[in-house]
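Heads up: take any position in the sequence shown, counting from 1, add 82, and you land on the working numbering. C-beta atoms are modelled at their ideal positions from N, C-alpha and C, and glycine is treated no differently. Read the structure below first, then the notes.
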Amino acid sequence: MKYWIVTFGCAANEADSERIAALYKSRGYTKARSIKTADDVVINTCMVREKAENRVYGLVHNLQKFKTQNEKLKIVVTGCMVGMAVREKTGKMLSLLAKKMPAVDEFLPIEEVGFDTAPIRTNRNHALVPITNGCNNFCTFCVVPFTRGREVSRPFDDIMLECHTLAEQGYQRVTLVGQNVNSYGADLVSESVIPAIEPGSSFLKNDGFRVKPGMTDKATYVKHLGRLRIPTLFPHLLEEICKIEGIQDIDFISSNPWDFSDDLIDVIAKNSKVSRHIHLPVQSGDNEVLRRMNRWYTREEYLALVKKLRAGIFGVTISTDIIVGFCGETEEQFANTVSLVKAVGFSKAYVAMYSDRPMTAAHKTFADDVPHREKKRRWKILEEIINKTNLRAGTYQ
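As structure tokens, this is what we get:
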């Protein structure tokens, strides 16, 4: 029996597909030479943009033709589309998926693919290492909390064991993957984030958090950007991975601006193994749009963080994500994004036209009222300022 995996989406989905491959290998399957020779085709889906969702429907439609030639062909759909469907409690979304894709034989929740077997990696030098899954931030445009659920951190020792094993196998590069790596370990450190200690509690008070004894010396309590945020173990994790002999290059994605701590900047600055390139999604350069997006910082705070990164980390470069045409975005508000882009000088930007996503707060609350033509115009402006200019200058990273 042979399998073939098609992956849509981000690095987290790529890492998930490597674990799916390991699952099939443990069942005695081997990888097919092509999608046409596979007995099982697994489609790992993305829901971040409508375009990615439509590509899945198109692929399943094309595979349906193969079933007339191979009756044993099994089509399995997993990833974010299934994650959202199984979390929708009424079952209507899962029924809708089955109706749209009648050729699919199985809808597989990615949570059923565990970490019991080592992933089958597609790169022999560079390894993706998941450290968290899910997200607690609920940006109004983002579907991730609904496709992957609330944030869950992998056990610290499991991550360290995986990295040590990778070094023994000859891997020199690792990328730590999470929807927001900065908050890694918040669920491992604190039982709950509350403003005071309950009477008679055995927990220690530290900056307003109730913290499990024995973990306080490892945690960073993020006060960055003017807000008391969460306890995180990410600076500690990053520093410990830097100590592993054999691992030469360490990167991480993604990293939200609102909890990028001073401790994390210090760890990066003093460890040459850590990449000097930081991906720091801004999404918009206008404060009102940021507020509607539920992004917990202002443009001024973002620019202050960029200044701190450049002062603290020699040679740092910064890339970003930007959404144009978000609900209600005016020409003036877009101009504020343009001015921020010029002020920062990003090395690269992933610019996306806003795509209305089901279940998000923006879908329920705001009107998708910026015409597609206008979104496209704004997208072209930012592409020219950031990506094409860098490409011509030879600085595109």
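By DSSP, does residue 440 sit in helix, in strand, or in coil? coil
Let me confirm a value: residue 273 is counted as buried when at least 16 other C-beta atoms fall within 10 Å, else exposed. Which label applies? Residue placement at residue 273 is poorly supported in this model, since its pLDDT is 47, which falls under 50; the coordinates are not used for a value here.
The alpha helix (DSSP H) with residue 334 in it runs from where to where? Looking at the DSSP string, residue 334 is not in any alpha helix (DSSP H); the run it does join, the beta strand (DSSP E), is 331-335.
Assign residue 277 to one of two classes, buried (16 or more other C-beta atoms within 10 Å of its C-beta) or exposed (fewer than that). For residue 277, the predicted structure reports a pLDDT of 38, less than 50, and the residue's modelled location is therefore unreliable. A value from the coordinates is still provided. Answer is exposed; the Cβ neighbour count stays below 16.
Is it right to say residue 132 is buried, meaning 16 or more other beta carbons lie within 10 angstroms of its own, or is it exposed? exposed
Coarse secondary structure for residue 218, derived from DSSP in three states: coil
Quick check for students: name the residue ranges of the alpha helix (DSSP H) that lie wholly in the region 362-444, counting only runs of 4 or more. 369-375, 381-394 and 413-426
Below 7 Å, is the gap between the Cβ of residue 411 and the nearest heavy atom of the ligand MN? The ligand MN is not part of the structure shown, which contains no ligands of any sort.
Any 3 or more C-beta pairs closer than 8 Å across the region 246-266 and the region 151-169: no
Relative to the C-alpha of residue 431, which candidate in 439, 437, 420 and 438 has its C-alpha closest? 420
Less than 8 Å between the C-beta atoms of residue 436 and residue 388, yes or no? no
Residue 188 - DSSP class collapsed to helix/strand/coil: strand
Determine the direct distance from the alpha carbon of residue 129 to that of residue 175, and round the result to whole angstroms. 13 Å
How about residue 304 and residue 357: are their beta carbons less than 8 Å apart? no
By a C-beta neighbour count over all protein chains shown, 10 Å radius and 16 as the cutoff for buried, is residue 119 buried or exposed? exposed
Per DSSP, what kind of secondary structure is residue 100 in: helix, strand or coil? helix
Can you check which of these residues, 220, 210, 239 and 181, is closest to residue 443 by C-alpha distance? 220
Can you list, in chain order, the residues of its chain with a C-beta nearer than 6 Å to that of residue 267? Leave out the 5 residues immediately preceding and following it. 235, 314 and 315
If we count the other Cβ atoms within 10 Å of its Cβ and call it buried at 16 or more, is residue 396 buried or exposed? exposed
Can you give the beta carbon distance from residue 374 to residue 222, rounded, assuming they're within the 8 Å contact cut? 6 Å
Rounded to whole angstroms, how far is the Cβ of residue 86 from the Cβ of residue 142, which I believe are closer than 8 Å? The pair is not a contact, with the Cβ atoms about 14 Å apart (cut-off 8 Å).
Nearest-angstrom Cα separation, counted from residue 446 out to residue 103: 37 Å
Could you name the residues of the same chain whose beta carbon sits closer than 6 Å to that of residue 338, not counting the 5 residues immediately before and after it, in chain order? 262 and 264
Within a Cβ cutoff of 6 Å, which residues of the same chain sit near residue 247, ignoring the five residues on either side of it in sequence? none
Which of the three DSSP states, helix, strand or coil, is assigned to residue 85? strand
Taking the continuous beta strand (DSSP E) assigned at residue 126, which residues delimit it? 122-127
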